[in-house]
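In the UniProt record's numbering, the protein residues as written are 1 to 120.
Note that beta-carbon positions come from the ideal geometry of N, C-alpha and C, so glycine has one too.
For clarity, every value in this text was computed on a predicted model and none was experimentally measured.
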Amino acid sequence: VDFGFAQFQKAIIAKEIGGTLRYLAPEILRGEKPDTRTDIYSMGIIGYESLTQKEAFNERKTFQILESVLYKNLQPIKKKKNIPVFLNEVIMRMAAKQRLERFASFDNIIKLLQKEGKYK
């Protein structure tokens, strides 16, 4: 007798993976080794979603999420009165598809945010 537990388990796993795929850097999905810039990408996606109050990638099917993470560029954050323009640039650079286009370290991000926060 097949109660369908295997299919149910696959559905749960796909749902869990689909939820976290949105935050994985493209290089992870390509099987490359992670580094600090991988974490910076994930934080960039979280920052983007926090500022826009929208999902960075709103697709529902796992293969569509994969495709978006790998190839779809984020829409720039629309100007809002309380969000400085430079913050859009920081977030977009953090969430760049290409690892080498991202900040090399969190220290670099913090220094830039401190500088911009003081003088702008």
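* To do: In the DSSP assignment, find the alpha helix (DSSP H) that holds Phe57 and state where it starts and stops.
  => Note, Phe57: premise wrong, no alpha helix (DSSP H); not H, not E.
Q) Going by alpha carbons, who is nearest to Met43 out of Leu113, Phe106 and Gly117? A) Phe106
- Does the distance from the C-beta atom of Asn73 to that of Lys97 stay below 8 Å? yes
Hey, is the region 21-29 in contact with the region 56-76, meaning 3+ C-beta pairs nearer than 8 Å?
yes
Identity of the residue in Ile77, Leu66 and Ile109 nearest Pro26 by Cα:
Leu66
For this session: Count the other C-beta atoms from every protein chain shown that fall within 10 angstroms of the C-beta of Phe103, then say buried if there are 16 or more, exposed otherwise.
Result: buried
Taking all protein chains shown into account, decide if Val69 is buried (16 or more other Cβ within 10 angstroms of its Cβ) or exposed.
buried
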